[in-house]
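Residue numbers (this note's numbering): 361 to 703.
Here a beta-carbon is modelled for each residue, glycine too, at the ideal position from N, C-alpha and C.
To start, the structure itself, in structure tokens.
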Ligand SMILES: Nc1ncnc2c1ncn2[C@@H]1O[C@H](COP(=O)(O)OP(=O)(O)OP(=O)(O)O)[C@@H](O)[C@H]1O
Ligand SMILES: [Mg+2]
């Protein structure tokens, strides 16, 4: 096993709304990303993907609150660390985060080099403008962005260019982990490909050591990340390698997600396009039993009152699913549904 760059153990965080209600958006998530590896997080809107990303940086501000669990970056446990210390010693240098719709949040009147100065100065207030420019020019050239971009304003850049610039700026300090929340979702297909290629390059060139990629598009992850985790109602319901998750999804929710999209890869072409009926539960009052039971066509009475625990399986025990039924029972059901053919 490679060196673990990021590990999260039983992380629980919640929002407290202005009416004083708790929203349990991340409710017991555990995951690991090794050096050189990328993990994709998939799940429908409102499942808690963005909250998980935010929570994993250990940088909490209202309405988001830490409840319990560990966040370990390259062996260092940052949970419970003072937010100011997180900002000056962790964000950008240990873990870089690209929020959903980050490119639209760039101040349009600021030159790109100024953003880079801000990122670097947050960690090293003494860095000179000359040093920063040298580093930035080299990095932008390496990433195929062109050093002239540094003197442009965000407003002058196209969507795809803006997003690649945001990624290059956020990773200027060569962090151990990059967390990108839907980095390609708002882009056209060509720009999407360029963004993804650049994220791969960052890893290949050693500018980042591991990556977490969030999207609601499962097929995109298949081509981009090594592993995939599926999130539902604040919890992970399954994870495994990208291949395992696409060709042998076990949890009824992952299975449904896979069935509701068409993967343009050999072997999966022609899968049924069946959206999962219903909507995720309200996270202010998560169901007592399995969170997916209400929408699960295989649910039995016990599923509504017994919450399933994480269950490790697979050859090396590296896969996980959270269903009361065993992986063999579930595979059996899917196989029968397909008229005995392999799913
Ligand atoms: N500021 C907030 N205050 C209270 N609840 C919030 C807040 N932000 C998000 N939530 C709730 O937390 C849950 C998870 O939201 P989150 O944005 O993390 O989901 P997501 O999986 O990223 O969705 P999407 O795919 O739409 O980006 C949802 O139920 C949402 O309503
Ligand atoms: Mg989100």
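8 Å CB neighbourhood of residue i in its chain, flanking five on each side removed
| i | result |
| --- | --- |
| residue 554 | 520, 524 |
| residue 407 | 591, 592, 593, 594, 640 |
| residue 425 | 373, 374, 375, 376 |
| residue 646 | 384, 387, 593, 594 |
Residue i and residue j closer than 8 Å at C-beta
| i | j | result |
| --- | --- | --- |
| residue 472 | residue 512 | yes |
| residue 374 | residue 448 | no |
| residue 529 | residue 479 | yes |
| residue 413 | residue 541 | yes |
| residue 338 | residue 656 | There is no way to answer for residue 338, as the model of the chain reaches only from 361 to 703. |
| residue 569 | residue 522 | no |
| residue 399 | residue 585 | yes |
| residue 468 | residue 514 | yes |
| residue 546 | residue 461 | yes |
| residue 456 | residue 538 | yes |
| residue 574 | residue 453 | no |
Burial state of residue i (16 or more Cβ within 10 Å)
| i | result |
| --- | --- |
| residue 450 | buried |
| residue 366 | buried |
| residue 544 | buried |
| residue 481 | exposed |
| residue 672 | exposed |
| residue 668 | buried |
| residue 518 | exposed |
| residue 379 | exposed |
| residue 660 | exposed |
| residue 560 | exposed |
| residue 612 | buried |
Sequence-distant residues of its chain with Cβ nearer than 6 Å to residue i (five each side left out)
| i | result |
| --- | --- |
| residue 477 | 492 |
Simplified DSSP assignment, three categories, for residue i
| i | result |
| --- | --- |
| residue 390 | strand |
| residue 367 | strand |
| residue 444 | helix |
| residue 481 | helix |
| residue 471 | strand |
| residue 694 | helix |
Check: residue i C-beta below 7 Å from any heavy atom of ligand 4
| i | result |
| --- | --- |
| residue 541 | What this structure holds is ligand 1 and ligand 2, not ligand 4. |
Own chain, CB closer than 7 Å to residue i, minus 5 neighbours either side, in chain order
| i | result |
| --- | --- |
| residue 503 | 528, 558, 561 |
| residue 565 | 502 |
C-beta neighbour in chain C for residue i, strict 8 Å
| i | result |
| --- | --- |
| residue 452 | Protein chains in the displayed structure number just one, and chain C is not present. |
_For review: beta carbons within less than 6 Å of any heavy atom in ligand 1_ = A distance filter of 6 Å between CB atoms and the heavy atoms of ligand 1 selects the following residues in sequence order: 375, 377, 383, 385, 403, 405, 406, 407, 408, 409, 410, 411, 423, 460, 576, 643.
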